[in-house]
Structures are given as C-alpha cells and as structure tokens.
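Using the numbering used here, read the sequence shown as starting at 250 and increasing by one per residue. Yeah, the Cβ is synthetic: ideal placement off N, Cα and C, and Gly gets one too. Keep in mind the model is a prediction, meaning the values are calculated, not measured.
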Amino acid sequence: MKLLRDSQLTLLWTARIDYSKGSQVEPHTHSDYDQLLVVLSGHGKVTFGQQECDMQEGHAYLFMKGISHSFRFTGQSVTLDFKFRLADPEMADYFSSIQPFSLCESIHLAELKQWYKMSLLQARKPGRFHPMSIEAGFKGTLVSLLASNGSIQSGPYTELGFKESNDPIVHYMKMHFAEKITLGMLSKHFGFNPNYLIKRFFDKTGMTPIQYLQEIRLEKAKEYLEFTDLPISEVAEMVGWTQAYFSKILKKRTGLPPSQYRDSLLNAIGQDIILEENFSNVWRIVP
C-alpha cells in the first residue's frame, strides 16, 4: 500500500550538519529538487549565482533548483539542511520570485527543529509519524518563513504546543524562565490572590503556573542539549535549575540522563535522513 504524501511538496532528505571553520560546499546546482539551509549557529559566506552575501546565525537560505550556489564557513557552525521537491508550479514560481534568505523568527526555528527531529525519529522507527504530517508541517513553516513580514513576535522561547501566548502570565514566564519564579512573586507582580491566580491559569492551560514553568524549562533544556554543545551544568543553569535537579527531571521524563539524551541525538550528526526511497544525496563538503 502506497503511503500518502503531500501533493505540493515532497520532503526528500534532511540532516543536521556541523561544519568546521574553513569548510565549504563548492558551487553546484540541483536539477530536480530545492534546498533550505538553516544556520543554527556560526557564520560564513553564501553565493546565489553571482550574488554573495553573509551567512548569519539564525537565518535560512533557499537554493532553488537550477540556481548555482555555494557556501563556506568562517567559524564553527551548526546547520539543519532540508532537500525537497515542489510539485506545485505556482508555489515554485512564488519561491523563485522572493528574496532567497530570511531571518528565522523563534517560532520558525522551533518548528524547523521539530520537523528535523520528527524525521529522525521516523527514520529510526518507521511508522512513528506519517510522512505527510511532516511534509505538511514543513511546508507550512517554509511558506510562513519566506513570506514573513515581521509580524510574528520573537522572543527567547517559542515552542510548539504552547498556544496561550496572549496570556500575560505565560508571556512573563517565557521571557523570564531562567530566573527565580515563585507563585508568590507571580501573584505580587500581577496583583492576583495566589489561589485565584492558580485557578485562572489552570482554567486556561490545564496546569498550575509552576507546572507550566517546568514544561517551558524542560523543553528549552532539551533544545540546548540537542542543538548546542554547552556543558550540561551550563544548560541547567541557563534554565534556572541545578544540575542534579535537571538530571532527575529529564531522566524521569525521557528515561535518560542528560549525557545519554544528548548522545542519542548527536550520533545522527552528519547522517542522511532519507524520506524518499529513490533520493540519493551527493555531498560536496570540502574541509
């Protein structure tokens, strides 16, 4: 039985690739697919045809098929790379007509990391996710990213699943999650009785404020483990926890202590995650 795929966009391949200083990908073109390169950290130079521009952290670069491109890194860099095929001519024409690079708002970065992680988990355990759900999600992020007019509010933390961003208490905790936050402090800051604040917040989110804060911290800590090489002690400190408490809560939630959780994802660095059986990726990295 043939699996359904998205009718407008087929995601072919993805990978997290860490580049050393001075490495580069030489000029080349793709004849039958397009590519999105997301720079999570680092910097360098990128060319589109005859145009050269700076490659910056937190930016995404779109290489459409038939357009010569290359990039080189002037510092240690971490990237997410997506290769896909557009079946919708109008969508392809639209992408070809707009600026091929864009600043990733925090919501876009969170979503792109999500599609990469879902692809990795699907590759490790086929059937865990439907390929079409990954493709449709990636397509939505791609359109939003490239068509963004700056109206999306960015911040230090935006994550899928947290939909209560209009709530001032939620917004405050997302902005200050690394600081010491107690129920008493929240009550005083927002002028609510503690019992009323808990009820008001629970009615909106299904959690108490402190439970919600723990979720924010845990998701951010996992992201640091997954996409940075920060020491575990520093990761814990950056989300407002001690290392011992961080290890305890992460093991309770995932079954793995921080070092093993990180290793389970780091062994995928530089590996092809192929989502289309007939797709073969050709590497052109020059150290």
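Ala264 - partner residues in DSSP beta bridges: Here the question's residue 264 lines up with position 15 in the sequence shown. Ala264 is bridged by DSSP to Asp330.
Beta-carbon contacts of Ser529 that lie in its chain and below 7 angstroms, excluding the five residues immediately before and after: Taking the sequence shown and counting its residues from 1, one reaches residue 529 at position 280. Here the set comprises nothing.
Contacts around Met250, its chain only, beta-carbon distance under 7 angstroms, and the 5 residues preceding and following it disregarded: To locate residue 250, count along the sequence shown from 1; it is residue 1. At Met250, the pLDDT of 48 sits below 50, so the modelled position is not reliable; the number obtained from the coordinates is stated separately. Correct list: empty, nothing qualifies.
Burial state of Thr539 (16 or more Cβ within 10 Å): Only positions 250 to 536 of the chain appear in the structure, and residue 539 is not among them; the question remains open.
Opposing strand residues paired with Phe577 [DSSP bridges]: With the chain represented from 250 up to 536, any question about residue 577 goes unanswered, as that position is not in the structure.
DSSP state of Asp255 mapped onto helix, strand, coil: Residue 255 sits at position 6 when you count from the first residue of the sequence shown. Coil at Asp255, not helix or strand.
Whole-angstrom distance between Trp364 and Gly386, CA atom to CA atom: Here residue 386 is taken as the residue at index 137 of the sequence shown, counted from 1. Here residue 364 is taken as the residue at index 115 of the sequence shown, counted from 1. Taking the CA atoms as reference points, Gly386 sits about 7 angstroms from Trp364.
According to DSSP, residues forming a beta bridge with Glu301: As a first step, residue 301 is located in the sequence shown; it is residue number 52 there, counting from the start. Note: Glu301 sits in a beta bridge opposite Thr296.
Residue range of the alpha helix (DSSP H) that includes Leu499: As a position in the sequence shown, residue 499 is number 250, starting the count at 1. Here the alpha helix (DSSP H) through Leu499 covers 492–503.
Buried/exposed call for Leu409, threshold 16 Cβ in 10 Å: Within the sequence shown, the letter at position 160 stands for residue 409. Note that Leu409 has pLDDT 34, beneath the 50 cutoff, so the model's placement of it is unreliable and no number is given.
Cβ distance (whole Å) where Ile465 is taken to contact Met422 below 8 angstroms: As a working mapping, residue 465 is identified with position 216 in the sequence shown. As a working mapping, residue 422 is identified with position 173 in the sequence shown. That pair is a contact at about 6 angstroms.
Backbone CA spacing between Gln305 and Tyr268 [nearest angstrom]: Stepping through the sequence shown from its first residue, residue 305 is reached at position 56. Stepping through the sequence shown from its first residue, residue 268 is reached at position 19. The C-alpha of Gln305 lies about 14 angstroms from the C-alpha of Tyr268.
Euclidean distance between Cα positions of Tyr406 and Lys469: Walking along the sequence shown from the start, residue 406 turns up at place 157. Walking along the sequence shown from the start, residue 469 turns up at place 220. With a pLDDT of 36 at Tyr406, under the threshold of 50, the modelled position of that residue is not reliable, and the figure given next carries that caveat. About 7 angstroms.
Contacting residues, own chain, Cβ-Cβ under 6 angstroms from Phe312 (five flanking each side not counted): The sequence position of residue 312 within the sequence shown is 63, counting from 1. Gln284, His318.
Reference Asp416; option with closest CA among Leu352, Pro458, His379: For the purposes of this step, residue 416 is taken as the residue at position 167 of the sequence shown. Taking each of Leu352, Pro458, His379 in turn and checking the Cα distance to Asp416, the smallest one comes out for Pro458.
First through last residue of the alpha helix (DSSP H) which encompasses Phe197: Outside the displayed range of the chain (250 to 536) lies residue 197, so it cannot be described from this structure.
Continuous alpha helix (DSSP H) stretch holding Gln348: start and end: The count along the sequence shown starts at 1 and reaches residue 348 at position 99. Run containing Gln348: none; DSSP gives neither H nor E here.
Buried versus exposed call for Asp281 [16 or more other C-beta atoms within 10 Å across all chains shown]: On the sequence shown, position 32 is the one that residue 281 refers to. Asp281 comes out exposed.
From Leu352, Asp342, Leu499, Phe439, residue whose alpha carbon lies closest to that of Leu289: One-based indexing of the sequence shown puts residue 289 at position 40. The candidate whose alpha carbon is nearest that of Leu289 is Leu352.
Backbone secondary structure at His277 - three-state DSSP: In the sequence shown, residue 277 corresponds to position 28, counting from 1. Of the three classes helix, strand and coil, the one that applies to His277 here is strand, per DSSP.
Helix, strand or coil at His318 according to DSSP, with G and I counted as helix: The count along the sequence shown starts at 1 and reaches residue 318 at position 69. His318 falls in the strand class under three-state DSSP.
Proximity below 8 angstroms, CB of Lys388 to CB of Phe322: Against the sequence shown, residue 388 aligns to sequence position 139. Against the sequence shown, residue 322 aligns to sequence position 73. Contact flag unset, no.
Status (buried if at least 16 other CB within 10 Å, exposed otherwise) for Glu428: Here residue 428 corresponds to residue number 179 of the sequence shown, with the count starting at 1. Counting the other CB atoms within 10 Å of its CB gives Glu428 a total below 16, which places it among the exposed residues.
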